[in-house]
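Chains as they are written, first to last, in the numbering used here: chain A, 1 to 332; chain B, 1 to 278; chain C, 1 to 294.
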């Protein structure tokens, strides 16, 4: 099936009758392109991927967890009730959601806040027809033109989008759009080649962890300024802190994004910090992305979106460590 | 350009070969030809990887704080902005002049918006100057943007800064890139004090922004690194510049980092101060 | 010779099965409000808190070595080992080191406290059946070990000889004094030491590692459970190696900063392991397989 491009806003308006709709929207006075809730009017920003990832839809920068009353000791859950359809999400970012699912929903504990938002989320992906120079998703097991994990997959055919449902949620969207869709035979053009490629095969995690004590971590981390930019614009970085805000007798426990690059992150109450300098912190972040997560969940945590390469104030590049590992085996 | 790059490589190579410095901080290549990254060269052979072109944008001075007590001198390529940062750091007791070997490299203009307010392309302090000084560009209107914000009504202005801090993702790149932001431990990282709320909310974000601006405002060398580093493109140097503008209006011409002797405005005191409230 | 495998195999068990009342169902990050029913001053800076649900029941049923996330409402939350449990209570012993522990120390009997858990794995109680057990603790490090000592004493016939070797900086800093001086000497071997001589102390004086070597425990069929400050662990381990113990038979618990307790928030990882979920109990040989970042 296909959806003519000039009917896209109509299609999105239909979605908006039953849920919030999030779209990639252009920079609003001086900001950066990001997924935001659609007001029903704005044109989506589809020229390239957004600077900020869509993870906020599932894992907000800050969210209340429960309220409490200091006098009575009463607690009340603040579980989100979100129904959101996101359109225009790219295959790398769809993959990132699969990774967040591993982290928040597996290994014995289900995160209630994530679960509620995830159940209410419908993903309508748009295959890439152009790659940015920082894109390397096809090296990380993502097909730039296809997102099998999306509920509904769309591809740019020129004057129309192909529409293919992958899941029940996707079929529900296709049904909602029935009147707007037409039979389309056109095949999506071949997906673009990524900006560059790196070698990240199944042996990378073990080869990397074998290099835990390698001096390369010193040289890789020297230029790092220790900010949290890479963590916060990464679609798969999911670390959080839990804090409290009190107002009079009432208070709210909240959680918010946190970064393993910050000194406070792993520092213990007595002052000891197992990762005392940016070398240990950068190593931990790279290894989490490229080794630890794979060892734990069987999926690499880097999806090759290239955002961190684009935005790092020191122009650090996580793929450099993959290049350095070429031809290095786990024992050598 | 390549001639200058060659001079830089030769200079670094010689300093390292002679054992004059432990390492040299300069710029090196990345995957992309229009971007460089700071590099730390510790062998004469490594000097060949130094790069000098219009994309050698990052200010290098901040890295001196990672190594305050070096065994050997640190070689630092210094343009006008690095030298002003070094002056400020020396006065703030962050680095010692004798720990540094400053390789002066007059700046021929870079491809970054951070340089738009540059008033000094030539290093103000150096041990060696690799080529002739450059003519400074006609100074841009230093406080143009500040005046624009001042002209807003209070409501407009709150909307403006509120909007800025709604978009702030609290990555602290501005803090970490700033060469005069030099506390050994930032109040932000003292989680247990509760000074800085950790929520990503307009109010907590604004608290961070305002605290940062006040903390470095009277020492700001206007290098623009904070805005260059900001992944959200926020106009945050406007805040430190607002302080500089106020200081200029209160006490006459004031600019930071031009020498290593001047006190910062808020660091000055006088025992004979006639204001009794002190 | 010590039996190969035993303890190591057991500690590899994945996440421990949650006991009744555990937050497996529902929101794992939501604490339950419980009541502090008894507070014992152990040392000048350690207090033991006995905790019960508001309706008089045990908050959950932890295995020895498991953890509880305790919160002072409006202040914060942190992870502590559960040092003992009874019919209708659990206990944690808490040293005052920061903001939250300061607030907890300010509580009075009857006050409310947030509780969630139990978290983490536990001491390999089945795999060490039939073995001689040597418990080595330093300072507040006796707290996690105590849960296993109590467990073994309750099932005395399941285990061989029981030795508790415990030391602290001073007499005042010895925790669980009624256990180490009254309850335990009656049913197992206790060896108590303090770092420096004091007038009122006529027991052993010296550091734990040297006392350990002095006692010359045989590695034959013996498992060591070792908890204390990192420097003590380091030197005790060296002593134990000299004494012929193998790392498979030395068990310890780790501490890292934690926020969620359920393997999500990220900060307590050592390599691909999360101390809150895969720990806190590890054998020394397991730790050898993890990055040196503790």
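By construction, the Cβ of each residue, glycine as well, lies at the ideal position given by its N, Cα and C atoms.
- Taking a contact as a CB-CB distance under 8 angstroms, the pair residue 204/B and residue 194/B does not count as one, their CB atoms being some 11 angstroms apart.
- For residue 272/A, no pairing in a beta bridge is given by DSSP.
- The beta carbon of residue 169/A lies closer than 6 angstroms to those of 122 and 151 in the same chain, with the five residues before and after it left out.
- Judged by DSSP in its simplified three-state form, residue 177/B adopts helix.
- For residue 286/A, the uninterrupted alpha helix (DSSP H) segment begins and ends at 278 to 287.
- Among the CB atoms of chain A, one or more fall inside 9 angstroms of the CB of residue 255/C.
- A Cβ-Cβ distance of about 19 angstroms is found for the pair residue 311/A and residue 139/A, leaving them out of contact under the 8 angstroms criterion.
- Within chain A, no C-beta atom comes less than 8 angstroms from the C-beta of residue 53/B; the nearest is roughly 13 angstroms away.
- The beta carbon of residue 113/B is closer than 8 angstroms to those of 224, 227 and 228 in its chain, skipping five residues each way along the sequence.
- Apart from sequence neighbours up to five positions away, the residues of its chain that approach residue 20/B with a beta-carbon distance below 7 angstroms are 73 and 101, ordered along the chain.
- For the pair residue 36/C and residue 113/C, the CB atoms are nearer than the 9 angstroms cut-off.
- Counting only runs of at least 3 residues, the segment 69 to 106 of chain C fully encloses the following beta strand (DSSP E) elements, listed from N- to C-terminal order: 76 to 81 and 90 to 95.
- Contact annotation: residue 95/A and residue 47/A have beta-carbon atoms that are not nearer than 9 angstroms.
- For the pair residue 9/B and residue 253/A, the Cα-to-Cα distance works out to about 55 angstroms.
- Residue 271/B counts as exposed, since fewer than 16 other beta carbons sit within 10 angstroms of its beta carbon.
- For the pair residue 174/B and residue 70/C, the Cα-to-Cα distance works out to about 36 angstroms.
- Taking all protein chains shown into account, residue 11/A has 16 or more neighbouring C-beta atoms within 10 Å of its C-beta and is therefore buried.
- Counting only Cβ-Cβ distances below 8 angstroms, residue 133/A has contacts in chain B at 32, in chain order.
- The three-state reading of DSSP puts residue 171/B in coil, since its state is none of H, G, I, E or B.
- Beta bridge pairing from DSSP links residue 246/A with 251/A.
- At a cut-off of 9 angstroms between beta carbons, residue 216/A makes no contact with chain C.
- Residues of chain A with a Cβ closer than 7 angstroms to the Cβ of residue 58/B are, in chain order, 314.
- Taking C-beta atoms under 8 angstroms as the contact rule, residue 263/A and residue 189/B qualify, at a distance of about 5 angstroms.
- Within 7 angstroms of the CB of residue 232/B, the CB atoms of chain A belong to 31 and 32, in sequence order along the chain.
- Nearest in C-alpha terms to residue 47/B, of all of 16/B, 244/B and 150/B, is 16/B.
- Fewer than three beta-carbon pairs drawn from the segment 196 to 208 of chain C and the segment 70 to 79 of chain C are found closer than 8 angstroms, and the two stretches are therefore not classed as touching.
- Secondary structure of residue 125/A (DSSP, three-state): strand.
- Annotation: Cβ neighbours of residue 209/A in chain C (cutoff 9 angstroms, chain order): 271, 272 and 291.
- According to the DSSP assignment, residue 227/C belongs to the beta strand (DSSP E) that extends over 222 to 227.
- Proximity of residue 311/A to chain B, defined by a Cβ-Cβ separation below 9 angstroms, is satisfied.
- Look at residue 269/A: its C-beta is under 9 angstroms from a C-beta on chain B.
- A contact between stretches requires three or more CB pairs, one per stretch, nearer than 8 angstroms, and the segment 211 to 221 of chain C meets this requirement with the segment 239 to 247 of chain C.
- The segment 212 to 226 of chain A makes no contact with the segment 143 to 162 of chain B, as fewer than three CB pairs between them are under 8 angstroms.
- Under DSSP, residue 316/A shares a beta bridge with no residue.
- Out of 131/B, 117/B and 130/B, the CA that lies nearest to the CA of residue 138/B is found in 117/B.
- Only 171, 172, 173, 176, 177, 189 and 191 from the segment 171 to 191 of chain B bring a Cβ to less than 7 angstroms from some Cβ of chain A.
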